[in-house]
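Residue numbers (our numbering): 214 to 338.
No residue lacks a Cβ here, since even glycine has one placed at the ideal position from N, Cα and C.
Being a predicted model, the structure only gives us computed values, none of them experimental.
Below you can see the structure in the form of structure tokens.
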């Protein structure tokens, strides 16, 4: 019963919170990805995270442990970028179904120069 009261108090205190979406004719989906390297002390696996914004607010995000052990920060970031890219492709299909077709490529921001270089190199694809 105490937990239920706590949840209700939380909901009552956050009723005004939310994501504001303003319709814009030039709304563009933008992605951000990041990871930590060997963040899990139990199995040395990294955690990937990504977020996608569309227009005025973030509408899709996730933080998941990677399936494999990365041997470097560049590899961990590359895996994170690959997972974010898969999500971006799926989100583009969803936006297209809603009539919000994205004519240009979806920018995906990553903060690791080595991973960015690997993504741009066609040998790795």
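When the five nearest sequence neighbours on each side are left out, the beta carbons in the same chain lying within less than 6 Å of the beta carbon of residue 327 are those of 287, in order along the chain. Nearest C-alpha to residue 334 among 240, 291, 317, 252: 291. The C-alpha of residue 247 is placed about 19 Å away from the C-alpha of residue 254. Residue 279 places its beta carbon 8 Å or farther from that of residue 257. At least 8 Å separates the beta-carbon of residue 323 from that of residue 283. With distances taken between CA atoms, residue 239 lies nearest to 313 out of 313, 320, 330. The closest CA to that of residue 266, considering only 325, 336, 331, 321, is found on 321. Put simply, the backbone Cα of residue 296 is about 23 Å away from that of residue 311. Restricted to the stretch 252-280, the beta strand (DSSP E) segments that are unbroken, complete and at least 3 residues in length are 260-267, 270-278, listed in chain order.
Here residue 303 is exposed: its Cβ has fewer than 16 other Cβ atoms, across all protein chains shown, within 10 Å. Here residue 259 is not near residue 301, since their CB atoms are 8 Å or more apart.
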